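Just so it is clear: in the sequence shown, position 218 is 218 by the UniProt record's numbering, and no numbers are missing. Idealized CB from N, CA, C, for every residue including glycine. On a predicted model such as this, the values are computed, not experimentally measured, just so you know.
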Amino acid sequence: MKNQIALQLYTVRKPLEEDFEGTLRKVASIGFQGVELADDWGGKSPEALKAILQSVGLVPVSSHVALERLENQLDDVIDQHLRLGCHTIYCPYLEEERQTATGYKELITSLKEIQKKLEKKGISFGYHHHDFELYSNQLEAILSIPSLLAELDVYWLQKAGQDPVEWVSRYKHKVRHVHLKDMTNDDQEFFAPVGTGKINIDAILESSTSFVEWWIVEQDDGEGDPLVWIEKSYTYVNERL
1 MKNQIALQLY TVRKPLEEDF EGTLRKVASI GFQGVELADD WGGKSPEALK AILQSVGLVP
61 VSSHVALERL ENQLDDVIDQ HLRLGCHTIY CPYLEEERQT ATGYKELITS LKEIQKKLEK
121 KGISFGYHHH DFELYSNQLE AILSIPSLLA ELDVYWLQKA GQDPVEWVSR YKHKVRHVHL
181 KDMTNDDQEF FAPVGTGKIN IDAILESSTS FVEWWIVEQD DGEGDPLVWI EKSYTYVNER
241 L
């Protein structure tokens with residue numbers, strides 16, 4: 001089956017603030033089949049968001065939920081996601097003050113507890129990394145948690161001097177979704193539309209299409225219109241799947 005392409009909605013956070021449903025309709029019209037939710041659902045209830053996504057033809061593939069909410073409001077998080085029909089949640093970030101040796105140990109303990117509760121409700125759980133876990137050699141320890149999904153991010157892997165192809169292949173037993181991003185060709189190495197920068201996107205796609213279920217396009221920031229960025233990214237990826 002052809003791999004599917006989703007959009008991390010953080011990419012279009014500003015257009016969503018201006019026109020929530022219209023932006024989702026545009027995302028679908030570009031060709032995206034699904035979305036990965038950011039922590040903010042535009043103030044919509046699970047039922048309202050589900051109706052909007054169904055009306056425009058988008059699947060709620062997965063969801064990023066802040067660690068603080070996962071630790072302190074997990075019952076509400078579970079209820080909201082079951083009502084929405086979203087059955088994969090990722091912890092998206094570890095706050096800077098917790099990025100210590102003790103903080104990482106506490107994170108692993110917390111992730112295990114959260115995972116146990118989510119799996120009892122039929123929700124898969126995973127971790128989305130940045131570069132700091134790689135600089136501190138902590139990502140392997142986090143991903144050693146049995147059955148914890150790995151949402152690998154090709155931009156942050158390369159930013160930390162790692163080989164995205166090698167990492168995605170190494171953790172293929174934990175990878176369902178990959179964040180596809182690119183970086184500018186200059187020394188700044190800023191975010192860029194997929195296919196316009198220095199990351200070898202083609203090699204990543206070619207090596208991983210047999211096990212990746214969804215390629216999730218994201219661009220954290222940039223100049224110009226995010227809706228233009230995502231169309232460039234979608235076109236590039238879709239032509240190669």
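Spatial distance of residue i from residue j (CA atoms)
{"i": "Lys-186", "j": "Glu-119", "result": "Reading the sequence as shown, one finds Asp at residue 186 and not Lys. C-alpha separation (whole angstroms): 43 angstroms."}
{"i": "Leu-152", "j": "His-179", "result": "6 angstroms"}
{"i": "Glu-36", "j": "Ile-230", "result": "14 angstroms"}
{"i": "Phe-32", "j": "Leu-227", "result": "12 angstroms"}
{"i": "Val-56", "j": "Thr-102", "result": "45 angstroms"}
{"i": "Leu-107", "j": "Leu-84", "result": "27 angstroms"}
{"i": "Ile-142", "j": "His-128", "result": "10 angstroms"}
{"i": "Glu-21", "j": "Lys-105", "result": "41 angstroms"}
{"i": "Trp-41", "j": "Lys-14", "result": "13 angstroms"}
{"i": "Thr-100", "j": "Asn-137", "result": "11 angstroms"}
{"i": "Gly-222", "j": "Pro-146", "result": "36 angstroms"}
{"i": "Trp-167", "j": "Glu-68", "result": "28 angstroms"}
{"i": "Thr-235", "j": "Thr-88", "result": "26 angstroms"}
{"i": "Arg-25", "j": "Gln-54", "result": "10 angstroms"}
{"i": "Thr-184", "j": "Ser-233", "result": "14 angstroms"}
{"i": "Leu-9", "j": "Leu-94", "result": "19 angstroms"}
Secondary structure of residue i, DSSP reduced to three states
{"i": "Leu-94", "result": "coil"}
{"i": "Phe-20", "result": "helix"}
{"i": "Ile-5", "result": "strand"}
{"i": "Gly-103", "result": "helix"}
{"i": "His-173", "result": "coil"}
{"i": "His-87", "result": "coil"}
{"i": "Ser-55", "result": "helix"}
{"i": "Ser-45", "result": "coil"}
{"i": "Val-77", "result": "helix"}
{"i": "Val-65", "result": "coil"}
Beta-carbon contacts of residue i that lie in its chain and below 7 angstroms, excluding the five residues immediately before and after
{"i": "Asn-200", "result": "none"}
{"i": "Lys-181", "result": "Asp-153, Val-154, Tyr-155, Phe-191, Val-194, Glu-218 and Gln-219"}
{"i": "Asn-238", "result": "Ile-5 and Gly-31"}
Chain-order list of residues whose beta-carbon lies under 8 angstroms from that of residue i (same chain, five-residue window excluded)
{"i": "residue 261", "result": "Residue 261 is absent from the structure shown; the chain starts at 1 and stops at 241."}
{"i": "Ala-160", "result": "Asp-131, Leu-134 and Tyr-135"}
{"i": "Val-12", "result": "Thr-23, Val-27, Pro-226, Leu-227 and Ile-230"}
{"i": "Met-1", "result": "Below a pLDDT of 50, predicted positions are generally treated as unreliable, and Met-1, at 46, falls in that range; no measurement from the model is reported."}
{"i": "Gln-162", "result": "Leu-134"}
Residues of its chain near residue i, where Cβ-Cβ distance is below 6 angstroms and the 5 sequence neighbours each way are ignored
{"i": "Ala-66", "result": "Asp-39"}
{"i": "Lys-172", "result": "Phe-211"}
{"i": "Cys-86", "result": "Pro-60 and Ser-63"}
Taking 8 angstroms as the threshold, find out whether the segment 74 to 82 comes into contact with the segment 50 to 57 through three or more Cβ pairs.
no
Residue ranges of each beta strand (DSSP E) run of no fewer than 3 residues wholly in the segment 110 to 152, ordered along the chain?
124 to 128
Fully enclosed by the segment 184 to 241, which alpha helix (DSSP H) runs are 4 residues long or longer?
201 to 208 and 226 to 238
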